[in-house]
Amino acid sequence: MITTDDVMTLQRAIDTELPRPWTEWPGGWPDEVEAALLDAVLSIRARYGREETGVRGAVERYRQEVNGGRLDDLPRLASFDADRLAEVLRNEQRASGRPKAQAIVEAARSLVDAGLRSAVDLDLETHKRAYTRVHGLGWITWEYFTMLLGQPGAKADTWVVRWVSQQLNRDVSSKEARSLLGEVATQLSDGETNSPRALLTRLDHQIWRTARSAQPSPARESTSSR
Numbered sequence: 020m021i022t023t024d025d026v027m028t029l030q031r032a033i034d035t036e037l038p039r040p041w042t043e044w045p046g047g048w049p050d051e052v053e054a055a056l057l058d059a060v061l062s063i064r065a066r067y068g069r070e071e072t073g074v075r076g077a078v079e080r081y082r083q084e085v086n087g088g089r090l091d092d093l094p095r096l097a098s099f100d101a102d103r104l105a106e107v108l109r110n111e112q113r114a115s116g117r118p119k120a121q122a123i124v125e126a127a128r129s130l131v132d133a134g135l136r137s138a139v140d141l142d143l144e145t146h147k148r149a150y151t152r153v154h155g156l157g158w159i160t161w162e163y164f165t166m167l168l169g170q171p172g173a174k175a176d177t178w179v180v181r182w183v184s185q186q187l188n189r190d191v192s193s194k195e196a197r198s199l200l201g202e203v204a205t206q207l208s209d210g211e212t213n214s215p216r217a218l219l220t221r222l223d224h225q226i227w228r229t230a231r232s233a234q235p236s237p238a239r240e241s242t243s244s245r
């Protein structure tokens, strides 16, 4: 249960513990639904890397495989065989006990069946159900997927949950951490240049950067790169 004391404690910690100025959220893939889906799933317990390595490298290898250009044709990704996609990505990592490539293909097919073919088709309520019915993909990676497509939000992954828990001196869940950050963002928002949801994205990203740089990597199920 969120209390006023929790919100005030967290707001004080944000004022005193987070470096200023905040690092801007890099923005993701707002017009490339294929890239956003690849990134969201491949980022589970992975390093983002540079252009040739990690998640970024895998996205670019996929881009090259489909002859370059914008990655905004989800039926194209849905048409891949999972084993072939793993070869293209050069990624044999697993999530929830099965290859990430398999989860990507299943998610792409489920989303296409629900009407998501390109980034402009995104419907948060309808497509969340299609995404989260895929084994191993839950609301945290869904939130990250939508953020990569340009929707304001907060992923509240393990780094963020750990940081919030430390500030409150008690354990919190991902959903509670997100709700708390939403309340703080509302308090900090000026209502004009920084809307609560836009500020929430920036706040989540800055906490993630601060927590990740200060501590050893935690064991986790959620995404670990941005």
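The number in the numbering used here is simply the position in the sequence shown, starting from 1, with 19 added. Glycine included, every Cβ here is placed at the ideal spot set by N, Cα and C. Bear in mind that the values here come from a model prediction, so they are computed numbers and not experimental data.
| If we count the other Cβ atoms within 10 Å of its Cβ and call it buried at 16 or more, is Ser129 buried or exposed? | So Ser129 ends up on the buried side.
| With 16 as the cutoff for other CB atoms within 10 Å, does Met166 come out buried or exposed? | buried
| query | Hey, would you say Leu37 sits closer than 8 angstroms to Gln206, going by beta carbons? | reply | At a Cβ-Cβ threshold of 8 angstroms, Leu37 and Gln206 do not count as neighbours.
| field | Contact under 8 angstroms by Cβ, Ala59 with Phe164 | value | yes
| request: Would you be able to state if there are at least three C-beta pairs under 8 angstroms between the region 42-50 and the region 98-106? | output: no
| Whose C-alpha, out of Thr177, Gly201, Ser192, Trp182, is nearest the C-alpha of Pro171? | Gly201
| message | In the DSSP output, what is Arg308 paired with across the bridge? | response | Since the first residue shown for the chain is 20 and the last is 245, residue 308 is missing from the structure and cannot be characterised.
| task | State the start and end residues of the unbroken alpha helix (DSSP H) segment that holds Ser193. | result | 193-207
| message | I need the DSSP call for Ile21, collapsed to helix, strand or coil. | response | coil
| request: Give the range of the alpha helix (DSSP H) segment to which Asp58 is assigned. | output: 52-61
| task | Would you kindly work out how many angstroms separate the C-alpha atoms of Val139 and Glu53, rounded to a whole number? | result | Approximately 12 angstroms, taken between the alpha carbons.
| message | My output table needs one value for Thr160: the three-state DSSP class, helix, strand or coil. | response | DSSP places Thr160 within a helical segment (H, G or I) once states are collapsed to three.
| request: Taking Val179 as the reference, give the member of Gly134, Ala233, Asp209, Gly155 with the closest Cα. | output: Ala233
| field | Coil, strand or helix - Thr145 by DSSP | value | helix
| query | CA-CA distance, Ala126 and Arg197? | reply | 24 angstroms
| task | Give every residue of the same chain whose Cβ lies closer than 8 angstroms to the Cβ of Val307, excluding the five residues on either side of it in the sequence, and list them in chain order. | result | Missing from the structure shown is residue 307; the chain here goes from 20 to 245 and no further.
| task | Measure the Cβ-Cβ separation of Asp223 and Ala149 and say whether it is below 8 angstroms. | result | no
| query | Which residue from His146, Pro118, Glu106, Ser62 puts its Cα closest to that of Leu93? | reply | Nearest to Leu93 by C-alpha distance, out of His146, Pro118, Glu106, Ser62, is His146.
| query | Quick one: Cα of Ile159 to Cα of Ala97, how far? | reply | 22 angstroms
| Per DSSP, what kind of secondary structure is Thr220 in: helix, strand or coil? | Residue state, collapsed to three classes: helix.
| message | For a test of the three-state rule: what should DSSP assign to Asp247, helix, strand or coil? | response | No statement about residue 247 is possible, as the shown extent of the chain runs from 20 to 245 and does not include it.
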